[in-house]
C-alpha cells in the first residue's frame, strides 16, 4: 500500500489522541498439499489479506481489522480502533513516515517459492509417501503434509517507523501409523525453513519419512512406562519445547508486566542450575522462528534470557518494554493482521554444555530417555506443566533398554530448571507452532540434558 | 451486490470454464470489549469475509480460497483453481451438495437487538463483570469481557443448492487471578448464547471464576494412588468431545477411532447417554442446517452405553456407505469437516453433593492441563487440579497431579451421573463419577 495511504489511516486512528498507534497491512499466499491413505486429501491454494489498526491509550488497546485491502476500509478500522480513547483530546497528530529496511538476508531463499513449478511440491510429498510405506511391513498408513506460506507485510507506526518483511516458510510433516496385532503407534517427523525450496536439499523427503516410520515401528515394542519420580534425560532438539512452554512463556514481557509470571521481579536472581543458559534468537538464519523485523517494526535480535542460571532479561514488545522500563527486544509478533501483537518467542534454546551425551545416559542408573513429545500444556501462573511423551526408552544401569509408551512428565518449570544436573555437548533444534491465543511459527532447541528428578505419570 | 449475488457470479464464471463448482462464502463481524481492574483492557472489532471455491470435472476436484471478494480477486481465484486442477486426482469421495434445499425446522438464530448493543454498552457489561467480583484481598488481577458477533453464510453449487444462513452470538466471560504467599491461581468462567438476554447475570460469571480459583489455591500434589474421580461439568466436556471425535465418520472410515468396528455393542456404562440436539433454545450451537445444506437432526449418539450413530458430512457418509447426518461444518478456508451443533451427556438424578457424599476418599477434578486424549490408541492421561474428597466432603486443594485411564474403561466405569446439566458453550456434561483412576502425584 502507498505510504501516503498508510499515513492517512494512521492519522485517522490518532484523531482523538492516544499514546501509540500502528497500521499493519498484510498479504499472504498459502499452499497445502496433503496425502493420506495413498490419496491426495488436500490440494489447496489460498489468499489472506487485510489491514489491522491498533490504538493504545495507557493500558488499553483498541484493535480493528478489515479483510478488505482498500483505504476506505482502513479508515473505517481506524475509527473503530480509536473507540478505546474514551476522553478525546482532539489534536492533529502528524506522522512523518521514514522508511527503514532491517532486511539482513536472514530469510532470503535460494530457491524462491514464487516461481517454483507446482509439480515440484507434489513430487516431494509423493517421494516421502513411498519411502515411508517401503520402510516396514507394519506401516499401516502414511500421511504427508506440505504447507507453504508466503507472508509479506508493511507497517507504519506513530513513531514514524515505516518498514516491512518478507517471510516465506515451508513446513513439511510426515506421520506414520504402524500396527502389529492390537498395538499401534503414530510416529512423526517435521522439518521447516524460513526460506525456499532448498529445505529439501538439507532434508531429503525420504529421510524425513524414514525417521517417522522408524519411530512408529520401534514403538510397537514399547512397554507401559513406569510411574514415579526419577531422572529423565531429554534428547537434543525439539525436547526444548518443555523449556519453551514452562520457562519461556514466563519470560514474555506482557505476562511479566501483568504480574502473572513466576519470574516477575526476579531479574538478576538465580533461577536455575548454573549449567543452564537460555536464549531467544530471532536471527538464526532460515530458522522457522526467525524474522528480520518483528510485527511492530522492531528489528529482530538475539537475547540472552538466563545466563548460567541467572535471569538477565525478559523478551519485550513496544508496550511491555515501556511498562517495564526495559529495552525492546523485537519479540512483538502476531499471527496475522487479524490480531494485535503479543510478546512471543522466536527460536528459544538452551546452549550446549560440556558433557558428552553418552556420558549422561551412562551416569543414570534408572530413568527415562525422552526422544520426543507429542504435546504439552502449562499453567502460566504457576509454571506447572504436563508433557506427553511420544517416543521414550527406559534407562537401566546406564543403558537404554526397552521403548516405553504412555509416559507423561509432570512438574513445575521453575523447579525443573534448578534440577538440571547434566548438560550435553551436542545440540539441535526443531520446528513447531506456538499458541497463545494466536499461532506463530517457532523453533525450540537444546542439548541432551538430564533433569535430576521429575514426576512421571505412567501406567505400569 | 449481496453476498449471494457474488457467490452466484463466481459460480457462473466457473461454469463458463466448463467446471462444476461449489461456492461457500461467508461474511462476519464481531465486537468484543474487555475490562481489566479499573480501565478498558481491549476493544476489538473484526470484519471478515472469504470464499472457498471447489471446482470439479468428472470425479476430479481442486479447492482454493481467498478473502479478496473483489471482481479481480475472484477472477484470480478461479484462475488459480484451474491451474491447480492440473494436479488434481480422482476424488470419488466428493459429493456436491444438491438442491433444492429441503424444508427446514423453523429456528430463531438471530437476535434482533444486535445493533442496539453498542461497543460502549459492551464495555459497560465487561466492567460490570469486574465490579461483581467478591471483595477479597486475594485478587491480584480481575477481568471481564462481553462480545457480540454475527455471521452470514452462503452456499451455492452447480447442482442447484442455494443455502443462506444468518446468525448471531453473544458471550460474557470472567477471568481472575488470585495471589497468596507467592502462589498464583487463575480462574475462568464464560457463557455463550445466540441471544443476549439468555446470558447469565454478570455476578454469576464473576463469582464462578473467583470460586474456581479460590477452591484450588495453594493446592499440593497428593501421593500416587488409585481412587474414584469426580469430574466437574467444565472438565467433563473434554471427555464428551473425545466421544464425538471417536464417532466422527472420517475417523471410523480410516480406522482411527477406538470405536471403529464396534458400533452397536454395549461398550460403556449404561449411565452414559450422549445426545446431539441442534434445536435447543438455551444452547449456542443451534442451527437447522449444516454448511453443506443438509438439515441437522436430533441424534442419540450413545444410548445407555451403546455407541449407536456415527456423525457424518457428505464425504464421510459416502465413503462409509452411510447417510449424511447434518454434521458438515467448515470455514471458507477448508473443505467441510465434521462438526457439531449442541452435544451433551444426559443428566442423571443425583445431586453433585450426593455423589461426593458417597465417596470416602476420591479426587474432584476442577481443571485439566493439556489435551492428553488419544482417540487412536484410546489413552487418556492429563495433568489435573481440584480438591481431595475425604469422608464424603471436599477437602484439601490439589495441584500438580496426573490422572490416567484407558478411555474405554473410563466411559465403561461412569458409576454416577448428576442432574446439574447446563450449557456454557455448545458442549455440556453434568458432574459425573468414574469408579477408579490412577493419580500420579508425589511418591
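Chains as they are written, first to last, in the numbering used here: chain A, 1457 to 1916; chain B, 3 to 445. Cβ atoms here follow ideal geometry from the backbone N, Cα and C, with glycine treated the same way. Since the structure is predicted, the reported quantities are computational estimates derived from the model, not experimental observations.
For the alpha helix (DSSP H) that residue i lies in, which residues bound it at each end?
i: residue 332 of chain B; result: That residue, residue 332 of chain B, is in no alpha helix (DSSP H); it is neither H nor E in DSSP.
i: residue 1492 of chain A; result: Careful: residue 1492 of chain A lies outside any alpha helix (DSSP H), inside the beta strand (DSSP E) at 1476–1492.
i: residue 1545 of chain A; result: Note, residue 1545 of chain A: premise wrong, no alpha helix (DSSP H); not H, not E.
i: residue 1726 of chain A; result: Segment: none, residue 1726 of chain A is in no alpha helix (DSSP H) and carries neither H nor E.
i: residue 5 of chain B; result: 5–18
i: residue 1468 of chain A; result: 1459–1469
i: residue 129 of chain B; result: 121–133
i: residue 1559 of chain A; result: Segment: none, residue 1559 of chain A is in no alpha helix (DSSP H) and carries neither H nor E.
i: residue 255 of chain B; result: 251–255
Under the rule that 16 or more other beta-carbon atoms within 10 Å means buried, what is residue i, buried or exposed?
i: residue 1680 of chain A; result: exposed
i: residue 397 of chain B; result: exposed
i: residue 1838 of chain A; result: buried
i: residue 1557 of chain A; result: exposed
i: residue 120 of chain B; result: exposed
i: residue 128 of chain B; result: buried
i: residue 145 of chain B; result: buried
i: residue 1494 of chain A; result: exposed
i: residue 1545 of chain A; result: exposed
i: residue 132 of chain B; result: buried
i: residue 217 of chain B; result: buried
i: residue 168 of chain B; result: exposed
i: residue 1560 of chain A; result: exposed
i: residue 3 of chain B; result: exposed
Under DSSP, the beta strand (DSSP E) around residue i begins and ends at which residues?
i: residue 1495 of chain A; result: 1495–1513
i: residue 1644 of chain A; result: 1639–1650
i: residue 1895 of chain A; result: 1895–1902
i: residue 1591 of chain A; result: Here residue 1591 of chain A belongs to no beta strand (DSSP E); instead the alpha helix (DSSP H) covers 1574–1591.
i: residue 1629 of chain A; result: 1617–1636
i: residue 357 of chain B; result: Not the beta strand (DSSP E): residue 357 of chain B falls in the alpha helix (DSSP H), residues 354–359.
i: residue 1700 of chain A; result: Counting along the chain, residue 1700 of chain A falls outside any beta strand (DSSP E), though it belongs to the alpha helix (DSSP H) covering 1697–1702.
i: residue 431 of chain B; result: Per DSSP, residue 431 of chain B belongs to no beta strand (DSSP E) and is neither H nor E.
Whose Cβ in chain A lies nearer than 7 Å to the Cβ of residue i?
i: residue 384 of chain B; result: 1842
i: residue 174 of chain B; result: Those within 7 Å of residue 174 of chain B in chain A number zero; the least Cβ separation is about 18 Å.
i: residue 142 of chain B; result: 1715
i: residue 365 of chain B; result: Here the premise fails: no neighbours, minimum Cβ distance about 14 Å.
Whose C-alpha, out of the options, is nearest the C-alpha of residue i?
i: residue 1834 of chain A; options: A/1706, A/1713 and A/1537; result: A/1706
i: residue 1907 of chain A; options: A/1869, A/1853, A/1739 and A/1780; result: A/1869
i: residue 383 of chain B; options: B/369, B/409 and B/366; result: B/409
i: residue 1505 of chain A; options: A/1485, A/1802 and A/1495; result: A/1485
i: residue 1616 of chain A; options: A/1760, A/1496, A/1767 and A/1479; result: A/1479
i: residue 1572 of chain A; options: A/1716, A/1633 and A/1654; result: A/1654
i: residue 1476 of chain A; options: A/1468, A/1510 and A/1575; result: A/1510
i: residue 260 of chain B; options: B/247, B/353 and B/272; result: B/247
i: residue 1574 of chain A; options: A/1561, A/1600, A/1604 and A/1589; result: A/1604
i: residue 1649 of chain A; options: A/1687, A/1625, A/1671 and A/1641; result: A/1625
i: residue 105 of chain B; options: B/365, B/298 and B/391; result: B/298
i: residue 1457 of chain A; options: A/1524, A/1501 and A/1519; result: A/1524
i: residue 278 of chain B; options: B/425, B/234 and B/81; result: B/425
i: residue 1796 of chain A; options: A/1726, A/1898 and A/1611; result: A/1611
i: residue 1658 of chain A; options: A/1781, A/1669 and A/1580; result: A/1580
i: residue 1720 of chain A; options: A/1704, A/1516 and A/1735; result: A/1704
i: residue 1640 of chain A; options: A/1594, A/1462, A/1885 and A/1824; result: A/1594
Closer than 8 Å by beta-carbon distance: list the chain B residues that pair up with residue i, in chain order.
i: residue 1794 of chain A; result: 48 and 50
i: residue 1457 of chain A; result: What residue 1457 of chain A touches in chain B: nothing, since even the nearest Cβ is about 14 Å away.
i: residue 1522 of chain A; result: 49
i: residue 1505 of chain A; result: 69 and 70
In chain B, which residues lie with their C-beta within 9 Å of the C-beta of residue i?
i: residue 1462 of chain A; result: What residue 1462 of chain A touches in chain B: nothing, since even the nearest Cβ is about 19 Å away.
Interface residues of chain B around residue i at Cβ under 7 Å?
i: residue 1679 of chain A; result: The contacting residues do not exist; residue 1679 of chain A stays about 14 Å from chain B at best.
i: residue 1496 of chain A; result: 91
Looking at chain C, is there any beta carbon in it that lies within less than 8 Å of the beta carbon of residue i?
i: residue 1700 of chain A; result: Any reference to chain C falls outside this structure, whose protein chains are A and B.
Strictly below 9 Å CB to CB, what residues from chain A border residue i?
i: residue 401 of chain B; result: 1835, 1838 and 1840
* To do: Can you give me, in chain order, the residues of the region 53–73 of chain B that have a beta carbon less than 9 Å from any beta carbon in chain A?
  => Within the region 53–73 of chain B, the residues whose Cβ lies closer than 9 Å to some Cβ of chain A are 54, 63, 64, 65, 66, 67, 68, 69, 70, 71 and 72, listed in chain order.
* Asked: In chain order, what residues of the region 287–306 of chain B put their CB closer than 8 Å to some CB of chain A?
  -> Listed in chain order, the positions of the region 287–306 of chain B with a beta carbon within less than 8 Å of a beta carbon of chain A would be empty, since no residue qualifies.
* **Proximal residues, the region 1663–1696 of chain A versus chain B, C-beta separation under 8 Å** => When C-beta distances to chain B are compared with 8 Å, the residues of the region 1663–1696 of chain A below that value are 1683, 1684 and 1685, in chain order.
* For the region 1868–1882 of chain A, enumerate the residues whose C-beta is nearer than 8 Å to any C-beta of chain B, in chain order. => From the region 1868–1882 of chain A, only 1868 have a Cβ closer than 8 Å to chain B.
* When you check each C-beta in the region 186–216 of chain B against every C-beta of chain A, which residues fall closer than 7 Å? -> Correct list: 186, 187 and 188.
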